[in-house]
Amino acid sequence: MDLKNYPQGRLQKAPENFLDRSAIATVVQEARSGRRNFMRSAFAAAAAGAVAPMAMAQSTAPNDGDPSILKLPEHSTGLGKAVATDGYGKPSKYEANVQRRTSPGLTQTTQASVSFAPLQSLFGIVTPAGLHFERHHQGWWDIDPSKHRLMINGMVKAPRVFTMDELMRLPSVSRFAFIECGANTGMEWGNVAVPTCQYSHGMISCSEFTGVPLITLLELAGADLKQGKFVLAEGADGSSMTRTIPMSLIRSGEVMVAYGQNGEMLRPENGYPLRLVVPGVQGVSWVKYLRRLEVGDQPYGTKDEVLHYVDLMPDGTHRQYTSIQECKSVVTTPSGGQVLLDKGFYNITGLAWSGRGKVKRVDVSVDGGRNWRSARLEGPVMSKCLTRFNLDWVWDGKPTVIQSRAMDETGYVQPTYRQLRAVRGSRSIYHNNAVQSWLVQESGEVKNVQTS
Amino acid sequence: MYRLREMLIAVAVSAASVMSAHAQSANRFPGIGRTATPAEVAAWDIDVRPDFKGLPKGSGSVAKGQAVWESKCASCHGVFGESNEVFSPLIGGTSEADIKSGRVANLLRSDYPGRTTLMKLSSLSTLWDYINRAMPWNQPKSLSTEEVYAVTAFMLNLGGIVPDDFVLSDKNMADVQKRLPNRNGVSTAHALWPGTELPGTTTKPDVVGTACMSNCPVEPKLASMLPDFARNAHGNLAAQNRMVGAQRGADTSRATGAVAAATPVQAAAPASPAKAPAPAEAAAAPNDLLQKNTCTACHAPDSKLIGPSWKDIAAKHSGKSEYLAGKIKNGGAGVWGNIPMPPQALTTDEAKKIADWLAAGAGR
Numbered sequence: 000m001d002l003k004n005y006p007q008g009r010l011q012k013a014p015e016n017f018l019d020r021s022a023i024a025t026v027v028q029e030a031r032s033g034r035r036n037f038m039r040s041a042f043a044a045a046a047a048g049a050v051a052p053m054a055m056a057q058s059t060a061p062n063d064g065d066p067s068i069l070k071l072p073e074h075s076t077g078l079g080k081a082v083a084t085d086g087y088g089k090p091s092k093y094e095a096n097v098q099r100r101t102s103p104g105l106t107q108t109t110q111a112s113v114s115f116a117p118l119q120s121l122f123g124i125v126t127p128a129g130l131h132f133e134r135h136h137q138g139w140w141d142i143d144p145s146k147h148r149l150m151i152n153g154m155v156k157a158p159r160v161f162t163m164d165e166l167m168r169l170p171s172v173s174r175f176a177f178i179e180c181g182a183n184t185g186m187e188w189g190n191v192a193v194p195t196c197q198y199s200h201g202m203i204s205c206s207e208f209t210g211v212p213l214i215t216l217l218e219l220a221g222a223d224l225k226q227g228k229f230v231l232a233e234g235a236d237g238s239s240m241t242r243t244i245p246m247s248l249i250r251s252g253e254v255m256v257a258y259g260q261n262g263e264m265l266r267p268e269n270g271y272p273l274r275l276v277v278p279g280v281q282g283v284s285w286v287k288y289l290r291r292l293e294v295g296d297q298p299y300g301t302k303d304e305v306l307h308y309v310d311l312m313p314d315g316t317h318r319q320y321t322s323i324q325e326c327k328s329v330v331t332t333p334s335g336g337q338v339l340l341d342k343g344f345y346n347i348t349g350l351a352w353s354g355r356g357k358v359k360r361v362d363v364s365v366d367g368g369r370n371w372r373s374a375r376l377e378g379p380v381m382s383k384c385l386t387r388f389n390l391d392w393v394w395d396g397k398p399t400v401i402q403s404r405a406m407d408e409t410g411y412v413q414p415t416y417r418q419l420r421a422v423r424g425s426r427s428i429y430h431n432n433a434v435q436s437w438l439v440q441e442s443g444e445v446k447n448v449q450t451s
Numbered sequence: 000m001y002r003l004r005e006m007l008i009a010v011a012v013s014a015a016s017v018m019s020a021h022a023q024s025a026n027r028f029p030g031i032g033r034t035a036t037p038a039e040v041a042a043w044d045i046d047v048r049p050d051f052k053g054l055p056k057g058s059g060s061v062a063k064g065q066a067v068w069e070s071k072c073a074s075c076h077g078v079f080g081e082s083n084e085v086f087s088p089l090i091g092g093t094s095e096a097d098i099k100s101g102r103v104a105n106l107l108r109s110d111y112p113g114r115t116t117l118m119k120l121s122s123l124s125t126l127w128d129y130i131n132r133a134m135p136w137n138q139p140k141s142l143s144t145e146e147v148y149a150v151t152a153f154m155l156n157l158g159g160i161v162p163d164d165f166v167l168s169d170k171n172m173a174d175v176q177k178r179l180p181n182r183n184g185v186s187t188a189h190a191l192w193p194g195t196e197l198p199g200t201t202t203k204p205d206v207v208g209t210a211c212m213s214n215c216p217v218e219p220k221l222a223s224m225l226p227d228f229a230r231n232a233h234g235n236l237a238a239q240n241r242m243v244g245a246q247r248g249a250d251t252s253r254a255t256g257a258v259a260a261a262t263p264v265q266a267a268a269p270a271s272p273a274k275a276p277a278p279a280e281a282a283a284a285p286n287d288l289l290q291k292n293t294c295t296a297c298h299a300p301d302s303k304l305i306g307p308s309w310k311d312i313a314a315k316h317s318g319k320s321e322y323l324a325g326k327i328k329n330g331g332a333g334v335w336g337n338i339p340m341p342p343q344a345l346t347t348d349e350a351k352k353i354a355d356w357l358a359a360g361a362g363r
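As given, the protein sequences belong to chains L and X, one line each in that order. Numbering that gives the first Met the number 0 puts the first residue of the first sequence at 0, with every later residue one more than the last. Numbering that gives the first Met the number 0 puts the first residue of the second sequence at 0, with every later residue one more than the last.
Spelled out as structure tokens, the structure:
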């Protein structure tokens, strides 16, 4: 997500997108004065207006039993559809609610914009390609792969050109990695601004990528790996997006020139036919429609390193080249905008990740952060990849706040909002990895809240 | 002596292994790739670095820049680069004192309403490079080198960094760099760079949480949540959650606490704005034409972007195909607001096709 679409300084007032001026004043005033015990009054209000939620799809068992069992449905008594009815199959029609979505008012154009992945409806760690979050700076294209070229120039023996055919002939590697926009959760730096985890955390996705390690291509081009400390990656689309990649990371072998994603080619919205994969680093560096790599001895100071994707600190300086996505987690169910069907057992589930390596532990609190239990991590736990966590929970029907806190293999612990803001203030826009809080109300409705 | 010889051999061997990475790789992958021609490299290698490596020779005046600006930039960025309508403002928020100090004082103010491009710009090459590669937004890479210098000069002039009669060129870019208001306002002293190449970077994170497990200190209150009247601002959340599983989406079209229990969830709206049923007789949208001519940069089916939606145009000018074709070809301003629509370079036939479609109801 790009700074220009978060009109700067309006960040504090992100709810402006849907609140009028006097409404903002009311909210701010309520938060600052009067309602010292906001939590209790929120609970009280919820309790007053609440009706215990009814299970919506539960089987009702009248005299003889459940009609869903007793009355044989059409699919048990008729002939189904033929093979290959749909040559590239689609999700069930009952899954139509699961869509990537835009946040109203966030951007003024639809080409320099973003759509959010529906984390609240996803399982495991793989993001279906059609639900992958999108961030385009100048619109997306479906590029003819037979006409796509990759050039490597700069500090190389001789500048080199590759066709897609040639790149796909080289030895390939397949690796899982998450991609997160640097501005994921950026709207929440100052205060709660969006209702669901789709909008608060949905600029993250995770896929298995297939391609060629960039170091292989640089060696093939005879790159000066010693003096050439930086590589510029450039896209073929209108904005010809550029970002600087450190050679030390490329030499590690992690950086990949990818054409495959989850077993198929990249989707056009994700850079078909070629994109850079930079595990652990924010999405803007994963240049789509990759057309050129230039080896140089200095960083490139591109638009998205100088004007956007810079983090404003409380002392008025901008941090440039902030790239790593630090350890972070979010509970995806139950999460904001959902309604629990009834009291009783639930599987709390969520996602954790770290741009510095593997997730080591995820702790979950169901009492607003006072006590924590370590969640089960679903394996295999992979470096710089989403990790799914689960925890048993019996809801007693009382209001509570659910939080998750991840730790990575370097020992880094995901901070609270108080800890994060104490160092970085609330105007950074990028790299908000604070602990997320979900308020479960007595009605079963879950709300996005911040506790500091 | 013996040790020295051993060391020399070791150095020679390691040098050989470094040198041969290319040769080894070329031997391993015969037939993959070819040498790029000088013309090919020139066509694509357009980047300009902060030390101005890559900057083409040339120049452009503030006056020329103003002319280019008004015809190609102002419709999105405003006449003075101040517009917040489409993109965030480019110009404003910097002072003569900032030019002297290289630090923008307004960046310290939490109440200052926004950060403009000039408030953040620390390297002049960045501005030149981005205008050259990506502007105008709907016709990137169409500006001449002179126009890029000129537009850059005009923007600097709007910010009071260069005088009205200034001519920016490859010769004086480095001098102007020394006047950028935020040239000293940036830092790489942090732990978020995934390498070892930048000055000041560290591997020690600036913020770390605490892994307390029991009886931990907690915040005394909820400090922030969405107010009730904003609850439906992102659309009905009931339609944004799966219809089976441990929970449903809250029916935000109703007051808080209400549950969507009784009513089945409506069929989902897709990510794009809700589709209004088009009149049955309306022809399908000429999407190829709309994209090819970058109409979609400013217009969307159901919602106002920079210009009015297709739906609104169709409603207001139903049946007036000829009028619409003229507006498409010649542009206009004032009918829908202040932002002008520039004249469009499409054929009469294309304009007519789009106008016919709009006049007939702008169907899908």
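We treat Cβ as the ideally placed atom computed from N, Cα and C, and that holds for glycine.
{"query": "Cβ-based burial, Glu-204(X) [other Cβ within 10 Å; buried from 16]", "result": "First, the residue type needs correcting, since residue 204(X) is Pro and not Glu in the sequence shown. Label assigned to Pro-204(X): buried."}
{"query": "Residue from Leu-306(L), Arg-290(L), Asn-431(L) and Ser-238(L) whose Cα sits closest to the Cα of Gln-138(X)", "result": "Ser-238(L)"}
{"query": "Phe-153(X) burial status per 10 Å Cβ neighbour count (16 or more: buried)", "result": "buried"}
{"query": "Cross-chain neighbours of Val-97(L) in chain X, by beta carbon under 9 Å", "result": "Gln-239, Asn-240, Arg-241 and Ala-267"}
{"query": "Neighbour-count burial assignment, Pro-198(X), 16 or more Cβ in a 10 Å radius", "result": "exposed"}
{"query": "Cutoff 6 Å; reference Ala-266(X); Cβ partners in own chain excluding five residues on either side", "result": "Any answer about Ala-266(X) is weak, because its pLDDT of 39 lies below 50 and its placement is not dependable; what the coordinates show is given next. No residues qualify anywhere along the chain."}
{"query": "C-beta neighbour in chain L for Trp-127(X), strict 7 Å", "result": "no"}
{"query": "Contact list for Met-255(L) against chain X, beta-carbon separation under 7 Å", "result": "Within chain X, no residue comes near Met-255(L); the closest Cβ sits about 14 Å away, beyond 7 Å."}
{"query": "Spatial distance of Thr-316(L) from Val-185(X) (CA atoms)", "result": "5 Å"}
{"query": "Straight-line Cα distance separating Gly-92(X) from Ala-257(L)", "result": "42 Å"}
{"query": "Any C-beta of chain L under 7 Å from that of Arg-178(X)", "result": "no"}
{"query": "Beta carbon proximity, Asp-205(X) to chain L, threshold 7 Å", "result": "yes"}
{"query": "Element boundaries [alpha helix (DSSP H), containing Ile-68(L)]", "result": "66 to 69"}
{"query": "Residue-level contact to chain X via CB, Pro-245(L), 7 Å cutoff", "result": "yes"}
{"query": "Cα-Cα separation, Ile-166(X) to Asp-311(X)", "result": "A small correction: the amino acid at residue 166(X) is Val; Ile does not occupy that position in the sequence shown. Approximately 45 Å, taken between the alpha carbons."}
{"query": "Boundaries (first-last residue) of the beta strand (DSSP E) holding Thr-331(L)", "result": "327 to 332"}
{"query": "Beta-carbon proximity check, Val-309(L) vs Gln-324(L), cutoff 7 Å", "result": "no"}
{"query": "Per-residue contacts from His-317(L) into chain X (C-beta, under 7 Å)", "result": "Lys-119, Gly-184 and Val-185"}
{"query": "Euclidean distance between Cα positions of Thr-125(X) and Trp-43(X)", "result": "17 Å"}
{"query": "Proximity test, Cβ basis, 7 Å: Ala-157(L) and chain X", "result": "yes"}
{"query": "Endpoints, beta strand (DSSP E) assigned at Leu-213(L)", "result": "No beta strand (DSSP E) holds Leu-213(L); the alpha helix (DSSP H) holding it covers 213 to 219."}
{"query": "Any beta strand (DSSP E) of 3 or more consecutive residues that is wholly inside the region 65 to 153 of chain X", "result": "none"}
{"query": "Cβ shell of Met-55(L) (< 6 Å), same chain only, five flanking positions each side left out", "result": "Because the pLDDT of Met-55(L) is 44, which lies under 50, any placement of that residue in the model is unreliable, and the number read from its coordinates should be weighed accordingly. Contacts found: none."}
{"query": "Of the residues Glu-165(L), Thr-162(L) and Gly-88(L), the one placed nearest Ala-128(L), counting alpha carbons only", "result": "Gly-88(L)"}
{"query": "Residues bridged to Met-381(L) (per DSSP)", "result": "Beta-bridge pairing links Met-381(L) to no other residue."}
{"query": "For Glu-133(L), the first and last residue of its enclosing beta strand (DSSP E)", "result": "133 to 135"}
{"query": "Residue-chain proximity (Arg-174(L), chain X), Cβ-Cβ < 7 Å", "result": "no"}
{"query": "Nearest candidate by alpha-carbon position, reference Ile-214(L), set Arg-372(L), Met-202(L), Ile-249(L) and Leu-306(L)", "result": "Ile-249(L)"}
{"query": "For Asn-183(L), the nearest candidate out of Val-280(L), Val-412(L), Glu-444(L) and Ile-244(L) (CA to CA)", "result": "Val-280(L)"}
{"query": "Within 7 Å, strictly: CB atoms of Trp-371(L) and Met-212(X)", "result": "yes"}
{"query": "Where Tyr-320(L) falls: helix, strand or coil (DSSP)", "result": "coil"}
{"query": "Cβ-based contacts, 8 Å cut-off: residues of the region 280 to 300 of chain L near chain X", "result": "Val-280, Arg-290, Arg-291, Glu-293, Gly-295, Gln-297, Pro-298, Tyr-299 and Gly-300"}
{"query": "Secondary structure, alpha helix (DSSP H): runs of 4+ residues fully inside the region 271 to 318 of chain L", "result": "302 to 305"}
{"query": "Residue range of the alpha helix (DSSP H) that includes Asp-311(X)", "result": "309 to 315"}
{"query": "Reduced DSSP category for Gln-337(L) - H, G, I as helix; E, B as strand; rest coil", "result": "strand"}
{"query": "Per DSSP, the bridge partner or partners of His-298(X)", "result": "Lys-303(X)"}
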